[in-house]
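Notes to accompany the following structure.
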Amino acid sequence: MIRSQFDSGGGGDDGGDAIAGREVTVCGRLLALSRVEVAAHLSARGARLVSVPRHTTSLAVVTDSNTVGARRVERLRARGHAIEVVDEAALLRLLDIGVDLDRLFSVDQLARLVAVESATLRAWAKQGFLLPARVIRRLQLFDFRQVACARDLAALHRDGVKPARLRRALRQLGRRLGEGASLASSLASLLQRDDLLVRLPDGRLAELSGQLRLEFDLPPPKAPPRALPSVEVDPLLAFENALTAEERQDFEGALRGYATALDGFGREPEILFNLGNVLFALDRPADAAAHFLEAVRTDAEFAEAWNNLGNALVQAGRVEPGVMAYRQALTVQPAYADAHFNLAEVLHESGAVDEARGHFEAYLRRDPFSRWARRARARLTEPRA
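If you count by my numbering, then the sequence shown holds residues 99 to 483, one letter each, in order.
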């Protein structure tokens with residue numbers, strides 16, 4: 099028995115008047131909070147988070163106007179729906195969360211300033227060539243001093259400087275870039291999918307931060323059935339139609355719609371996630387896992403996708419990597435109730451009863467009244483072997 103969505107309870111408190119009763123959606127990646135945390139904060143103030151904007155949505159937090167959700171918001175507003183659009187700073191003020199983002203730049207913002215791909219900047223940050231002024235939930239934020247460093251790096255990059263030569267140039271610029279410019283000589287680095295990784299002595303891959311890179315050895319996702327090539331289809335309309343089809347449990351129709359949207363928008367994590375859910379509903383867990391994996395490769399902070407990747411892997415008989423995916427969901431969001439429950443179930447079934455108890459207890463602290471809570475309590479009252 100597995101869970102694949104985060105369910106929040108109701109409630110409210112003082113200070114939530116501006117947001118109480120509202121339906122909120124988030125379009126793009128947030129710097130200060132995960133979606134699970136946003137859902138919890140909203141629930142505590144009598145509001146709720148929805149993954150996809152719809153006609154009942156009244157507030158949209160847009161951090162990336164190129165996402166499917168942001169385009170859908172604009173289409174709904176054009177139809178006359180009253181959806182207020184705000185940025186992340188406004189959301190934090192509404193939630194009374196004191197995080198000052200005004201003087202700091204995310205990787206994506208810094209990339210726009212220096213005209214370099216975000217993936218390239220992330221690789222430089224992992225190498226220590228750029229030093230974040232602050233890290234919030236693994237997301238790095240840079241101050242104005244690092245803008246100058248990034249411009250130097252970008253100029254070298256545009257001049258065609260190769261990685262080895264770039265490292266030598268960066269060592270020469272060490273006084274400007276700080277101690278983080280030097281690489282640990284004992285690590286053999288390689289560039290893979292725009293991320294700098296290191297090969298550890300035991301053969302595993304890790305980021306230079308020390309975070310292990312999970313290797314699931316999954317084949318690339320099989321291409322879902324496409325719409326007829328002779329028919330021009332608006333990818334946003336296809337996405338909306340797919341949502342409707344999924345709600346009607348017309349999973350084959352939803353599959354075609356999401357595939358068309360993916361063709362139009364590219365590797366959008368939200369579309370990949372929805373495709374994975376539909377494939378899982380069609381009893382194709384291996385294909386679902388491949389799409390969830392693509393989603394987390396595109397957005398490593400997508401806790402729900404990590405959780406559902408675990409579900410799909412376990413369903414496909416790959417329990418050990420499924421456990422790794424659940425653990426990664428909890429690394430991204432330690433308070434994620436569903437991931438605690440799913441990990442506890444798998445650990446319990448595999449005989450790791452003591453560790454499972456800890457996760458069942460963590461789940462009950464966050465979701466004590468659902469039917470899943472009854473199952474968790476039943477597990478906790480089972481006699482130990």
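Note that CB positions come from ideal geometry on N, CA and C, so glycine has one too. Here the structure is a predicted model, which is why all the values come from computation and not from measurement.
Straight across, the Cα-Cα distance linking L193 with S141 is about 11 angstroms.
In this structure P367 is buried. Its beta-carbon is surrounded by 16 or more other beta-carbon atoms within 10 angstroms.
Secondary structure note for E453: it is in no beta strand (DSSP E), and the uninterrupted alpha helix (DSSP H) holding it is 451-464. The beta carbons of A343 and A352 sit about 4 angstroms from each other, so the pair counts as a contact at 8 angstroms. For V148 against V160, the beta-carbon gap comes to about 14 angstroms, at or over 8 angstroms, which does not count as contact.
Sequence-distant Cβ neighbours of H153 in its own chain, meaning closer than 6 angstroms and more than five residues away, are H179. Contact between the stretch 406-416 and the stretch 427-442 is present: three or more C-beta pairs spanning the two stretches fall below 8 angstroms. Taking the C-beta atoms as reference points, A474 is found nearer than 8 angstroms to Y461. Excluding five sequence positions before and after L370, the CB atoms of its chain that fall closer than 6 angstroms to its own CB belong to H389, E392, A393, given in chain order. V245 and D381 have their alpha carbons spaced roughly 48 angstroms apart. Per DSSP, the unbroken alpha helix (DSSP H) holding V430 starts and ends at 417-430. Looking at the backbone, the Cα of E402 and that of G374 are separated by about 11 angstroms. Following the DSSP letters along the chain, one finds T123 inside the beta strand (DSSP E) bounded by residues 121-125.
Assigned with DSSP and collapsed to three states, L377 falls in helix.
H139 is the residue among G415, D206, H139 whose C-alpha sits nearest the C-alpha of R191. Around the CB of V233, fewer than 16 other CB atoms lie within 10 Å, so the residue is classed as exposed.
In this structure, the alpha-carbon of A384 lies about 6 angstroms from that of A414. L219 sits close to L208, with the two beta carbons spaced by under 8 angstroms. Each residue's CA atom was taken as its position, placing D185 and R416 some 40 angstroms apart. The criterion of a C-beta distance shorter than 8 angstroms is not satisfied by L211 and F227. The continuous alpha helix (DSSP H) containing A359 extends over residues 349-363.
When DSSP states are grouped into helix, strand and coil, E182 belongs to the strand group. Selection L157, L189, A187, S216 evaluated against L174 yields L157 as nearest (Cα-Cα). Rounded to the nearest whole angstrom, the CA to CA distance from P151 to A168 is 8 angstroms. A straight line joining the alpha-carbon of L377 with that of A386 spans about 5 angstroms. In its chain, beyond the 5 residues on either side, A427, D436, A437 have a beta carbon closer than 6 angstroms to the beta carbon of N405.
Collapsing the DSSP output to three states places A158 in a strand. Residues of the same chain with a CB within less than 6 angstroms of the CB of H457, apart from the 5 flanking positions on each side, are H438, L441, A442 in chain order.
In the DSSP assignment, V148 falls outside any alpha helix (DSSP H) and lies within the beta strand (DSSP E) extending over 146-148.
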